[in-house]
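S.K.: 0 is the number of the first residue of the sequence shown in numbering that gives the first Met the number 0; add one for each residue after it. In this text, a Cβ means the ideal position worked out from N, Cα and C, and glycines have one as well.
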Amino acid sequence: MSWFLYVLECRGGSLYTGISRNVAQRFAAHQAGKGARYTRMHPPERVVLSMVFANKPAALRAEHALKSMSTMTKRAFVQKHGVLQCASPPDAGMTESADSD
0 MSWFLYVLEC
10 RGGSLYTGIS
20 RNVAQRFAAH
30 QAGKGARYTR
40 MHPPERVVLS
50 MVFANKPAAL
60 RAEHALKSMS
70 TMTKRAFVQK
80 HGVLQCASPP
90 DAGMTESADS
100 D
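1. Taking the alpha-carbon positions, what's the Gly-11 to His-41 distance?
2. In whole angstroms, what is the alpha-carbon distance linking Asn-21 and Ser-69?
3. Kindly list the residues whose CB is nearer than 6 Å to the CB of Cys-9, restricted to its own chain and excluding five residues on each side of it in sequence; keep chain order.
4. DSSP has Phe-76 in a bridge; who is on the other side?
5. Please confirm whether Tyr-5 and Ser-67 have their CB atoms less than 7 Å apart.
6. Between Phe-76 and Val-46, is the Cβ-Cβ spacing less than 7 Å?
7. Based on the DSSP output, what are the partners of Ala-15 in its beta bridges?
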């Protein structure tokens, strides 16, 4: 089963990066306060990037690489690759409701 790297834009403009098998479900958990501690303090507003990977190790490597980037570099990466440009079709982990405002 595929894994996804996702980036959330949080209240105040900060970015949160994570991995999941289902981005929409994980986004909903973050919004409900059941995600990471960071997103409980900085509620996510939208998914700004979703990329599909063949397996968890590949997604973890990508997550580590993205988290290692400077904020400016990470924002440029997100802007270049967009939310659905790199993602699989909506039924593979990203639903339309997850990327709506």
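M.R.: Looking at the atomic coordinates:
1. 8 Å
2. 26 Å
3. Tyr-15, His-41 and Pro-43
4. Its beta-bridge partners do not exist; DSSP assigns none.
5. no
6. no
7. What sits at residue 15 in the sequence shown is Tyr, not Ala. Looking at the DSSP assignment, Tyr-15 forms a beta bridge with Leu-7.
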